[in-house]
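>
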Amino acid sequence: MQAIYPIALLLWAQGVYYLLTGLWPFLHYASFEKVTGPKTDVWLVKTTGALIMVIGLQLLGVALWQETVQASTVLAGAGAALALLLVDVVYVAKKVIRPVYLADAAAELVLLGLWMLYLYQW
């Protein structure tokens, strides 16, 4: 366990980013599809969004209410960033999703790098 203060900014940044990106298809699906491309399974888009929101809320909860960062939080934050990064890169390369997803991949890479920096200092 480590004191939360040095990592609080990362928890907030990733938490808010995930909350907003997860909410987007619920709040305005038309703009989501316009940017990311047409989807055949709306339910799957919204399921993915809901799961991303849950991760974001968990990270925000730790930032707000915990005094230490547990290993499970590091796993959730770094693991989610890695998973989303890989999905973005692989499926853009396969031309399944639009290159705009590489913007998210870049954000996920930054988040993952910050988690790795945190772990290295831990």
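Sequential numbering from 141 applies to the sequence shown in our numbering. Just so you know, even glycine gets a beta-carbon here, dropped at the ideal spot from N, CA and C. Here the structure is a predicted model, which is why all the values come from computation and not from measurement.
(1) Within a Cβ cutoff of 6 Å, which residues of the same chain sit near Thr213, ignoring the five residues on either side of it in sequence?
(2) So, is Asp244 buried or exposed, given that buried needs 16 or more other C-beta atoms within 10 angstroms?
(3) In whole angstroms, what separates the C-alpha of Leu222 from that of Asp181?
(4) Mind checking whether Gln154 and Gly217 have CB atoms under 8 Å apart?
(5) For Glu207, does the count of other Cβ atoms within 10 angstroms reach 16, so buried, or fall short, so exposed?
(6) Tell me which residues share the same chain as Thr161 and place their Cβ nearer than 7 Å to its Cβ, disregarding the 5 neighbours each side in the sequence.
Taking the coordinates as given:
(1) As a working mapping, residue 213 is identified with position 73 in the sequence shown. These residues qualify, in order along the chain: Val202.
(2) Reading the sequence shown from its first residue, position 104 is the one you call residue 244. Asp244 should be labelled buried.
(3) As a first step, residue 222 is located in the sequence shown; it is residue number 82 there, counting from the start. As a first step, residue 181 is located in the sequence shown; it is residue number 41 there, counting from the start. Approximately 24 Å between the Cα atoms of the pair.
(4) As a working note, residue 154 is residue 14 in the sequence shown. As a working note, residue 217 is residue 77 in the sequence shown. Yes.
(5) As a working mapping, residue 207 is identified with position 67 in the sequence shown. It counts as exposed.
(6) The sequence position of residue 161 within the sequence shown is 21, counting from 1. Ile192, listed in sequence order.
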